[in-house]
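As structure tokens, the structure follows; a few thoughts come after it.
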Amino acid sequence: MNRFRFTLLAFCLVLGFLGWNDLTTVMKNPVPATIHIQELQQSETIPDWLSITGGRFDLMEAISTSGRIELDALLIPLKSDNDPSSTVLVETRRPQMLELFRTYHFNLDSPIEKKAFLEKQAHVLNAEVVVTGMTMSGRIAEGNRKKLLKLAKETNVSLTEETLLFTEGKQPSKYRGFFFTAMALLGLGRFIQLQR
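Numbering (our numbering), first residue to last: 1 to 196.
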């Protein structure tokens, strides 16, 4: 019985932590903050949920997350015109980017074909983009960062320890935060009942 009580307590604490995390993110960022990529490089505090403007995707340095022709997502460096180094690495599922990457790397064989393709798609590849999503944070993000930096070194992508990992399209989950917090409180109530 004691084991059940402490398992319940541990479960409630984890749910409470996750719920509080979601709720504080929503309270701090009710809407995504808009920030220019050059300001982002100089900013000491970066909001969790934001829209990054003024950057361009560098598809030539993109990394496939699957390593297969069937692409789920890409990790694409987002660069500013004034700084060629990658300060943001974006996980994106944009169909257009996936298709361009697939065509360039898997459907074209000769350097002449690849050069002609790049010239034809220059208007897309050189266009400024607005990327809205959330920064990767916490222990999972730290583990991902180490893996990505290792992968980047293997593929000669210029990333640094300060490179921001960013998931496009992700939003803070207000309802999940309320649900987890409510479940944690109910569970704690049950734990107190069992203690009595």
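Just so it is clear, CB atoms sit at the ideal spot from N, CA and C, and this is done for glycine as well.
In this text the structure is predicted, and so the values were computed from the model without any measurement.
Item: Kindly indicate which three-state DSSP category residue 170 falls into: helix, strand or coil?; Value: coil
Item: Quick one: what's got a C-beta closer than 7 Å to residue 18's C-beta in the same chain, skipping five residues either side?; Value: 180
Item: With which residues is residue 57 paired in a DSSP beta bridge?; Value: 78
Item: To the nearest angstrom, report how far apart residue 22 and residue 172 are at their CA atoms.; Value: 6 Å
Item: Does the region 41-55 touch the region 93-109, meaning 3 or more C-beta pairs lie closer than 8 Å?; Value: no
Item: Could you tell me the distance, in whole angstroms, from the CA atom of residue 76 to the CA atom of residue 90?; Value: 5 Å
Item: Does residue 91 come out as helix, strand or coil in the three-state DSSP assignment?; Value: strand
Item: Would you call the region 20-34 and the region 107-115 touching, i.e. three or more CB-CB distances under 8 Å?; Value: no
Item: Check residue 165 in the structure and name its three-state DSSP category.; Value: strand
Item: Kindly list the residues whose CB is nearer than 7 Å to the CB of residue 12, restricted to its own chain and excluding five residues on each side of it in sequence; keep chain order.; Value: 184, 187, 188, 191
Item: According to DSSP, simplified to helix, strand and coil, what is residue 33?; Value: strand
Item: Assuming residue 130 and residue 51 form a contact by the criterion Cβ under 8 Å, report the distance between their Cβ atoms to the nearest whole angstrom.; Value: 6 Å
Item: Please classify residue 10: is it buried, with 16 or more other beta-carbons within 10 angstroms of its beta-carbon, or exposed?; Value: exposed
Item: When the distance is taken between beta carbons, is residue 168 closer than 8 Å to residue 56?; Value: no
Item: Would you call residue 37 buried or exposed, if buried means 16 or more other Cβ atoms sit within 10 Å of its Cβ?; Value: buried
Item: When we look at the beta-carbon of residue 97 and count the other beta-carbons within 10 Å, is it buried (16 or more) or exposed?; Value: buried
Item: Of the choices 7, 20, 6, whose alpha-carbon is the least far from that of residue 175?; Value: 20
Item: Could you tell me the distance, in whole angstroms, from the CA atom of residue 136 to the CA atom of residue 170?; Value: 10 Å
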